[in-house]
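A.B. asks: Sharing a structure below in structure tokens format, with a few things to ask.
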Amino acid sequence: MIGRSPARTDAREKIVGSTRYIADYVVPGVWQGITLRSAVAAGRIRTVTADAHFPHGEAVLVTGQELGATNRVAMVTDEMPFLATDAVRYAGEPIALVAAPTLHAARAAAHAVRIEIDPCTPLFSLQEAEERRRADPASVRVHAECRITRGDAAAALRNAAIVIAGTYTTQAQEQAYIEPQGVIAWPGQRGGTVIEGSLQCPYYVHNALVRLLGCAPEDVIVRQSPTGGAFGGKEDIPSVIGGHAALLARACGHPVRIVYDRHEDLLFTPKRHPSIVHHRTGVSEDGRLLAMEITVVLDGGAYTTLSPVVLSRAVLHATGPYECPHVAIHGVCLGTNIPPPGAFRGFGAPQVAFAIESHIDRIAHRCHLRPDEIRRRNIMRIGSVTATGQILRESVSAERVLDEALTASDFVRKWQAHGAAARQRHRRGIGLALTWHGGGFTGNGEVNLASVAALSIEDDGRLLIRTSNVEMGQGAHTALPQIVAERLGVPLERIACAQPDTSQVPNSGPTVASRTVMVVGRLIERCADQLADALEQAAGPRAQWNDFDGALDALRTAGDPLRFEARYEPPPGIHWDERTYRGDAYAVYSYACTVVELSTDTLTGEVKVERAIAACDIGRAIHPQVVEGQIEGGVLQGLGMGLLEQSTTHEGRFDQNRFQTYIIPTALDAPEILPIIVEDPYSRGPGGAKGLGELPVHGPAPALANAVAQASGRRITDLPVTPERIVAAGAGDPASPIRDLPSPSRDLPSPSRDPASPSGVGDEKEEA
Amino acid sequence: MITRQWQVNGEMREATFPALKPLLHVLREELAATGPKEGCGEGECGACTVLLNGQPVTSCLAAAGQVRDGSTIWTAEGLARLPLGERIVDAFMRHGAVQCGICFPGMLATTYAFLRDEPAPDDRSTREALSGNLCRCTGYSKIVAAILDVAREREPAGSRGRVGAQPGPPAGEDPTLETLDALETLETPPSPAAPRAASAPAIDPREPAAFYAPRTLDEALALRARRPGAALLAGGSDLLVAWQAAAREPLLRGAPSRTARPAADRPAETAAAEAPCQRPVVISLSDIDALRGVAEEDGVLRIGACTSAYELCTNPSLARGAPALVAAAHALGARPIRHLATLAGNLVNASPAADLAPPLLVAGAGLLIAKAGGTRKIPLEDFYRGYKETNLGPDEIVTVVLVPALVAGEREGFRKLGTRRAQSIAKVCAAVRVRLDAGRIDAVAIALGSVAPTTVRLPRTEERLRSERPTAALWERTRQWVAEEVHPISDVRSNADYRRAMAGVLVTDLLASLVCSEHGAQ
């Protein structure tokens, strides 16, 4: 079954509209919950009170004051309150909750709630935070900080023939799942609750709710409802919204639904961490990386939430899939007064991929190498050593995906042709990016999670896969059964995935970090092997069975357990030291090479992406059609980040507060996308599979920026690459020379003879 | 509350609801049709798309009170049972087009109408058709491939499922014609189900103070005279957004004083949005058939005020006589919005970004404005007084837009720079109408959107161009002239410098292509 593409089990119901998402649930007696939020970005709450007009009996009010010590959302650090009681740290921070039988009754009741806040001075941008920190390090909160050191980068930079520096920034990209956030909470037994909602991580919500409600774990039940897109955006915030709904349900005694509308969702839920990445790189004349000094600064917003883990993934991917003997990486996540950013597909890696893949093209330019040549010269191979000292031992396919993408795109010929083309108003460009992604949790994360998955035989003879990993569109509940079917040789129809429900499934960890197939799929594979062994114990060697059902009957008759569990075991020889950031950061990496072909109108700055090619090595494609879908969708999200998705703030509030202003790509904006599946099997993955979900998002934005640099002669180092930025960089000025344009052949003049060679946008410089 | 009878997925159904409740919410809450989803509440995502009288519309932007008795509505649940619908569902499944699935009920409705109406779909037309339905999961590739697959395997003629051919009363023949007196009874108190709070009565913002759906212009003018200042509801694609946004403004508390926001960042600005608790008096114009349609008389195109943007796109007289207007209508929203949005709605809303205004300004269009006892005619240029301000009287209604058709020797074109390639608001848009005589520019009109508080003509640039010979050097100068004559601002969509520069580029591009081309409009 592995390698085939059976029809997805959930597709028909979704198309015809019979799948019920959380907003579609019909729940008799349900009340509607709403959130009262801070209008100021920083301040101290003076009062939160209901005046005499509050319609007690017809509505309920919940404030943080009633919660005491349990008013903390369990996350990486337990810092963020469910409801602010003293300090407020961002505009839109929840302060009070109201529920009533209808939404407009709740809103009317909210008029009777008085909130007074004494404002204090806020900090709105990462640039401002960096400046303030330079003047006084104690003046800015630091959510997280880490360093990676290999060799002596400072010394190597001093001795390097060429040093190239650059700064790159990325924006707060919004996940823009089409189904907004939503949960329903029912009042539960013994102070507990039952939560059902659009979420990725049932046990995260479970853990947070047990802590909030102070009840026994079995008295909180969390179920995932069909989820209309998530992309990381439903990793952390459902713990908060679930807590809100549960508090209201407890207060009013009714089930309570909280469904955000798009406005509220865009304004106040987490987005991708904005970043500033500084590179200083020493290279030899022939383009070998000698030293890399990298500073990654993330905007962590008002609370720590997932930032330490995002920062960790960012620094661990910051060098790109290139080997360099001397590396010094410093990562820091600063506190500001914007809504806390959170998880978004890629989780810190797209930010650093944009930086290194833009930067490496500039290095290529300086060294008179083609983009593919500079990469090949430094590429990770079997036996390469990463910045943390990890020796890559298997499934290292960076060069293979590079070759696949170069061939499929005819890159070299096009790159030379576009580079040599006459300067006209409409110009074409081609760019590439080579990226990697560590599968599963970082460092010791998977060991600490100690995930458990189960496979059970149901009364009707079906095999039920029990995991807490959700189907949110990515196809997990189609792929996991294929792994079992392959292992047991039974038809797919008799295998199903249980609805993730904390009372029914073990904790196999969150649905994040490209881990579901690679890590949890491996657990399920092991469960299937246990079942196969048990069947052979009960019914004799497989060759002697009449059929599978006969063997099952024998197992039942023997009175053996009908449920098989597997717990995560780290691959042998994997070691990680969290304190020193040395060792094996990830068990294995997936690799992708993205090529973007586009045309620009240099007068208007308009960019038309014509074609995107992504060659992705994921070890083994369990369901090739689903894999293609993941690549295609990931590529378009990456292009959205690269080209369209502007995100700006005014006094700590996002300006793009509606889908009319937060612009995601339509079908007309999407180019032809060519997914290329590369399979370099991983010995510890199910059927050889590695992580896939996040990988395709990293490459499109830098590949696009590189193609725009070729086409327009202007390198844009800040995302998104808008027409405004291209025009402001002088792309349309016929009198100005081409800058930062990779030279089409070795015979062309070197950049040192080009008076404008240091890009007007970056700060490339040469030393020594 | 009003009651309507519609044929929903082939069955007669009755529902009672506040008149301004979006059709989407009536379908989901009163009629148990939860196939259509709410992804944005303002017509951007298309997850709520249904077929209303055979045409795809974003049901979150249609006030249910505007949907006449006897209308047919098809949602994904019903469409999937029709032969064409079945084939689309199968193709989506076969191609693995579905991921999270939330957008697919809307996709299905849009796709159904597209494949029903389009004889020869290709990649480009399919993507254009889908451009009002956002999908964040798939990259669209497999959706497009599935649709083209269905198109290739068209079943024999005659057996295709046609929504318009379903049993039930045909669209537009409403058996229960309401008189003015009957309409009066619609002035209802708020929904009795709403709990009362002393501080602020729980008004359902979707329940207007009064809702009138007159059938004739005379009735509408009489109502307008009696309820001056009543909101005129045409397509609803602007007003519904504003009313919905007002009902859902985030509950921000504790500010010393509300921070003023730049106007362009706020939801479609209307009086209703400023005072969310005031229930509007609404006169719906969508039942007045006389306000729709296009006629040509003595070289003048008479376009009914409530003609939809979609009708503008498809009208052959307009394609000949006002090609720039047709191009602008094509650039407005996506098809489900174009079925709702009306010509006069776009003009009266007086947005500086109104796509349809620049082509009309360069054509020298006029408006017929009626009130009880008389009609006046006014050039469109004189209609705008300032940002979001017109000189429409509180008792008046725009009834007809008069557009001088292109004459021999004249050419015109329209171009828009939006925030993306479809379904976007203009950063800058431009229209030009030009006539050459003996190799010189004999007459030229230039109009721009999104560069000033209103859409504007550029009289100084026009004057400078007159009698000039079209040369590359002239275009260089023209770019400068245009940039000097506009006064754009920076907002959430773009910045002033870019807009100023692009105004020049768009105008010169248009001029250059028009004086060189054989055909006229782009």
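Chains as they are written, first to last, in this note's numbering: chain X, 25 to 792; chain Y, 54 to 575. Each residue gets a CB set at the ideal place from its N, CA and C atoms; glycine is no exception. Predicted, not measured: the structure shown is a model, and the values here were computed from it.
#1: Could you tell me which chain Y residues have their CB closer than 7 Å to the CB of X/V650, listed as they occur along the chain?
#2: Between the region 180-207 of chain Y and chain X, which residues of the former have CB atoms less than 9 Å from a CB of the latter, in chain order?
#3: When the distance is taken between beta carbons, is X/I353 closer than 8 Å to X/I172?
#4: Against Y/I155, what residues of chain X qualify as contacts under a CB-to-CB distance less than 7 Å, listed in chain order?
#5: Which residue comes first and which comes last in the alpha helix (DSSP H) that contains Y/K430?
#6: Which residue spans inside the region 647-704 of chain X form an unbroken beta strand (DSSP E) run of at least 3?
#7: Quick one: list the residues of chain X neighbouring Y/C101, beta-carbon separation under 9 Å, in chain order.
#8: Kindly give me the distance between the Cβ atoms of Y/R510 and Y/I499, rounded to whole angstroms, as I take these residues to be in contact under 8 Å.
#9: Under a three-way DSSP split, which group does X/E630 fall into?
#10: Should X/H722 go down as buried or exposed, given a rule of 16 or more other Cβ atoms within 10 Å for buried?
#11: Over the uninterrupted alpha helix (DSSP H) stretch that includes Y/M160, give me the two end residues.
#12: With distance defined between alpha-carbon atoms, name the residue in X/T343, X/G545, X/S62 and X/Y615 nearest to X/A115.
#13: Looking at the C-beta of X/G370, does it have a partner C-beta in chain Y at a distance below 8 Å?
#14: Determine, using beta-carbon pairs with one atom in the region 87-95 of chain X and one in the region 331-345 of chain Y, whether at least three such pairs fall under 8 Å.
#15: Can a CB atom of chain Y be found closer than 8 Å to the CB of X/S538?
#16: At what residues does the alpha helix (DSSP H) containing Y/Y363 begin and finish?
#17: Anything in chain X within Cβ reach of Y/C579, meaning under 7 Å, just list it in chain order.
#18: In whole angstroms, what separates the C-alpha of X/W507 from that of X/S419?
#19: Pick out whichever of X/R452, X/A377, X/L314 and X/G359 has its Cα sitting closest to the Cα of X/P726.
#20: Can you confirm whether X/S149, when its beta carbon is compared against all beta carbons of chain Y, has any partner nearer than 8 Å?
#21: Does the beta carbon of Y/E434 sit closer than 8 Å to a beta carbon anywhere in chain X?
#22: Could you work out which residue in X/N681, X/V543, X/R394 and X/M99 is closest to X/T491 when comparing CA atoms only?
#23: Between which two residues does the beta strand (DSSP E) carrying Y/S184 extend?
#24: May I have a chain-ordered list of the beta strand (DSSP E) segments no shorter than 3 residues that lie completely inside the region 336-399 of chain X?
#25: Mind pulling the beta strand (DSSP E) runs of 3 or more residues that sit fully within the region 265-297 of chain Y?
#26: How about Y/E434 and X/G41: are their beta carbons less than 8 Å apart?
#27: For Y/G92, I'd like the list of residues in its chain whose CB is within less than 6 Å of its CB, leaving aside the five on either flank, ordered along the chain.
#28: Does DSSP put X/F588 in a helix, a strand or coil?
#29: Residues in the same chain with beta-carbon distance under 7 Å from Y/R215, minus the five sequence neighbours each way, listed in chain order, please.
#30: Give the DSSP-derived three-state secondary structure of Y/E260 in the structure shown.
#31: Starting from X/W569, trace the beta strand (DSSP E) both ways and give me its first and last residue.
#32: Mind listing which residues of the region 57-71 of chain X have their C-beta closer than 8 Å to chain C's C-betas, in chain order?
#33: Is the Cβ of Y/T128 closer than 8 Å to any Cβ of chain X?
#34: Span of the alpha helix (DSSP H) holding X/K438?
#35: Report yes if the C-beta distance between X/S475 and X/Y592 is below 8 Å; otherwise report no.
#36: Let me know the alpha helix (DSSP H) ranges lying completely inside the region 90-162 of chain Y, each 4 residues or longer, listed in chain order.
C.D. replies: Let me spell this out:
#1: G149
#2: R180, E181, A182, L183, S184, G185, N186, L187, C188, R189, C190, T191, G192, Y193, S194, K195, I196 and V197
#3: yes
#4: In chain order: Y45, I202, E203, G252 and G253.
#5: Unbroken run through Y/K430 is the beta strand (DSSP E), G427 to P432; no alpha helix (DSSP H).
#6: 696-702
#7: Under the 9 Å cutoff, chain X gives no residues; its nearest Cβ is about 11 Å from Y/C101.
#8: 7 Å
#9: Shown here, X/E630 sits in a strand according to DSSP, grouped into three states.
#10: It is buried - the Cβ of X/H722 has at least 16 other Cβ atoms within 10 Å.
#11: F157 to D170
#12: X/S62
#13: no
#14: no
#15: no
#16: A362 to T367 is the extent of the alpha helix (DSSP H) around Y/Y363.
#17: Nothing in the structure corresponds to residue 579 of chain Y, since chain Y is present only between 54 and 575.
#18: Note that residue 507 of chain X is Ile in the sequence shown, not Trp. Taking the straight line from one Cα to the other gives about 20 Å.
#19: Distances from the CA of X/P726 to each of X/R452, X/A377, X/L314 and X/G359 were compared; the closest alpha carbon is that of X/A377.
#20: no
#21: no
#22: X/V543
#23: Taken as a continuous stretch (DSSP letters only), Y/S184 belongs to no beta strand (DSSP E), as it is neither H nor E.
#24: 350-359
#25: Here the runs fully enclosed are 284-286.
#26: no
#27: C98 and A100.
#28: Note: X/F588 maps to strand in three-state DSSP.
#29: Confidence at Y/R215 is low in this model, with a pLDDT of 49, below 50, so the placement of that residue should be treated as unreliable; the coordinate-derived value is given next. Cβ neighbours of Y/R215 beyond the five flanking positions: R169.
#30: coil
#31: No beta strand (DSSP E) holds X/W569; DSSP gives it neither H nor E.
#32: Among the protein chains of the structure shown, namely X and Y, there is no chain C.
#33: Judged by the 8 Å Cβ criterion, Y/T128 is in contact with chain X.
#34: F435 to A444
#35: yes
#36: 129-132 and 136-147
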